[in-house]
Amino acid sequence: FTVKLVDVWPNGYAQNIQDGIIRARYRNSKTHPSLLTPGEVYEYTIDLWATSHVVKPGHRLRVEVSSSNFPHYDRNLNTGGPLFKESNFKRATQTIFHDAAHPSRVILPIIPR
433 FTVKLVDVWP NGYAQNIQDG IIRARYRNSK THPSLLTPGE VYEYTIDLWA
483 TSHVVKPGHR LRVEVSSSNF PHYDRNLNTG GPLFKESNFK RATQTIFHDA
533 AHPSRVILPI IPR
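Throughout the sequence shown, residue numbering follows the numbering used here, covering 433 to 545 in sequence.
Printed below as a string of structure tokens:
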């Protein structure tokens, strides 16, 4: 999964502020991959790392969640095969849960001037 934090200007221009990524198989450990089971719900934490950005009056913040940010990051072909060697594609559908049992959130610290 990839996440982008975007500054949307009043004229509609979208300026990327920061982005982050996590491969689902490495959600629990970077050294011990664990593939997903279709239909199961998993929790992910995607760190966008530290950045500084002033949101000007009239601008809006947008969070974009996707399964790809190619070519910025390598493709995920969704097969569970060996990374960087897989050549077959498999379509994947992701669902972001945001109900009482599965709350989603964005943690965005705000520093007053």
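Glycine included, each C-beta is placed from N, C-alpha and C at the ideal position. Model, not experiment: these values are computed from the prediction.
Between the alpha carbons of residue i and residue j, how many angstroms are there, rounded?
i	j	result
residue 493	residue 535	20 Å
residue 449	residue 436	7 Å
residue 446	residue 501	15 Å
residue 476	residue 498	13 Å
residue 461	residue 521	24 Å
residue 438	residue 480	12 Å
Alpha carbons only, please: which of the options is nearest the one belonging to residue i?
i	options	result
residue 473	480, 456, 517	456
residue 469	510, 545, 516	510
residue 478	540, 466, 467	540
residue 508	453, 532, 495	453
residue 466	488, 495, 442, 513	513
Which class does residue i belong to by DSSP, given the choice of helix, strand or coil?
i	result
residue 457	helix
residue 564	Coverage of the chain is limited to positions 433 through 545, which leaves residue 564 absent and any answer about it impossible.
residue 449	strand
residue 435	strand
Query raised in the report: Do the stretch 510 to 528 and the stretch 483 to 493 make contact, defined as three or more Cβ pairs closer than 8 Å?
Result: Between the stretch 510 to 528 and the stretch 483 to 493, the count of Cβ pairs shorter than 8 Å is below three; the stretches do not touch.
Report task. Would you list, in sequence order, the uninterrupted beta strand (DSSP E) runs of no fewer than 3 residues that lie entirely inside the stretch 460 to 535? Result -> Counting only runs of at least 3 residues, the stretch 460 to 535 fully encloses the following beta strand (DSSP E) elements, listed from N- to C-terminal order: 492 to 498.
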